[in-house]
Amino acid sequence: MTESNDLPEAPPVAREIFTGEALERARVFAELLAGPGVVRGLLGPREVSRIWDRHLLNCAVVEEAVPPDSTLVDIGSGAGLPGLVLAIVRPDVTVTLLEPLLRRTVFLSECVEALKLDNVEVLRGRAEELAGKRFFDVATARAVAPLDRLLSWSMPLLHEGGELLAMKGERAREELDAARPQLESLGVRHVELVAVGQGKVEPPATLVRVVAGRPPRTGTRRRRKR
Numbered sequence: 002m003t004e005s006n007d008l009p010e011a012p013p014v015a016r017e018i019f020t021g022e023a024l025e026r027a028r029v030f031a032e033l034l035a036g037p038g039v040v041r042g043l044l045g046p047r048e049v050s051r052i053w054d055r056h057l058l059n060c061a062v063v064e065e066a067v068p069p070d071s072t073l074v075d076i077g078s079g080a081g082l083p084g085l086v087l088a089i090v091r092p093d094v095t096v097t098l099l100e101p102l103l104r105r106t107v108f109l110s111e112c113v114e115a116l117k118l119d120n121v122e123v124l125r126g127r128a129e130e131l132a133g134k135r136f137f138d139v140a141t142a143r144a145v146a147p148l149d150r151l152l153s154w155s156m157p158l159l160h161e162g163g164e165l166l167a168m169k170g171e172r173a174r175e176e177l178d179a180a181r182p183q184l185e186s187l188g189v190r191h192v193e194l195v196a197v198g199q200g201k202v203e204p205p206a207t208l209v210r211v212v213a214g215r216p217p218r219t220g221t222r223r224r225r226k227r
C-alpha cells in the first residue's frame, strides 16, 4: 500500500467517533485515500494533510442522523465520502455505494475488500437508472450536485418516510431556499437543516434533511418498514 508522508496521525477525537475495530479500519482507509486515492485522482494531493479533519471525521458524524439498522445509498460516492465512512462507523447499516465512473468503483471495491466490510455493496450506475428498482431508508450525498438536482435523483430511491441527508455546509440555507419549488413538486413531507458532530468537529457538519412523502402524481413509493 502506498502511503503519504503528509498523512497525519488520527486525532484524539477519532477514538471517540470510531470505536472498537472501526478506528483501525478508518486508519487503513485514510492510507488508501492518501495513497491510491491521490494517485488515481480521487482526492487532491493538498487534501492529504486534511484527510482526518475535513473528510473522515466530518463524514463520520453524519451517522448521528442515520436511523439504526437502515439501508443507505450513497449517491455519487466518489472516493467513498461519506458512504464508506458511514459503513465503517455503523456496521448495523447496509450501505450501497452508487457511482457511475469505473475507475472510482474499482477503487471503492478495493477499499471494501481491504477493510473487510460485509455491510457494503459497490454498484456502478446513476441514480436515475436505479429509480423504481431499489428503495432505501436513507440517501446520502456530499459535493455531488445542487440540492434541487439531488432531490430529483434521491427521492425516487427512498421509501415513503425515507430520508435524504445532504452534506451542504455553509450554502445549505441558500440551496434549500432555491430548491423550494422542487420540494413541493416531489411531495416532500418534511425538510430541515441539521447540525451534527457538535463538540466533535469544528465547525459541525451541516445537513439538509429531507423526508420523502408520497409523490403527488404516482403515489407508488412503498412505505418504509419499521
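For the sequence shown, our numbering assigns the number 2 to the initial residue and increments by one for each residue that follows. A virtual CB, placed ideally from N, CA and C, is assigned to each residue, including glycine.
Beta-bridge pairing of residue i - partner residues as DSSP gives them
i	result
residue 210	166, 193
residue 137	159
residue 106	The partner list for residue 106 (beta bridge, DSSP) is empty, contrary to what the question assumes.
Helix, strand or coil at residue i according to DSSP, with G and I counted as helix
i	result
residue 125	strand
residue 79	coil
residue 100	strand
residue 91	coil
residue 174	helix
residue 51	helix
residue 142	strand
residue 118	coil
Euclidean distance between Cα positions of residue i and residue j
i	j	result
residue 136	residue 15	32 Å
residue 139	residue 76	10 Å
residue 120	residue 72	10 Å
residue 81	residue 48	15 Å
residue 13	residue 202	11 Å
residue 151	residue 10	34 Å
residue 42	residue 111	15 Å
residue 189	residue 215	7 Å
residue 40	residue 53	18 Å
Residue i classed as buried or exposed, judged by whether at least 16 other C-beta atoms fall within 10 angstroms
i	result
residue 191	exposed
residue 144	exposed
residue 194	exposed
residue 100	buried
residue 103	exposed
residue 45	exposed
Nearest-angstrom beta carbon gap, residue j and residue i [assumed within contact, 8 Å]
i	j	result
residue 8	residue 31	6 Å
residue 169	residue 148	7 Å
residue 98	residue 118	Not quite, the Cβ-Cβ distance comes to about 10 Å (not below 8 Å), so this is no contact.
Residue-chain proximity (residue i, chain D), Cβ-Cβ < 7 Å
i	result
residue 83	Considering every chain present, this structure includes no chain D. It has just one protein chain.
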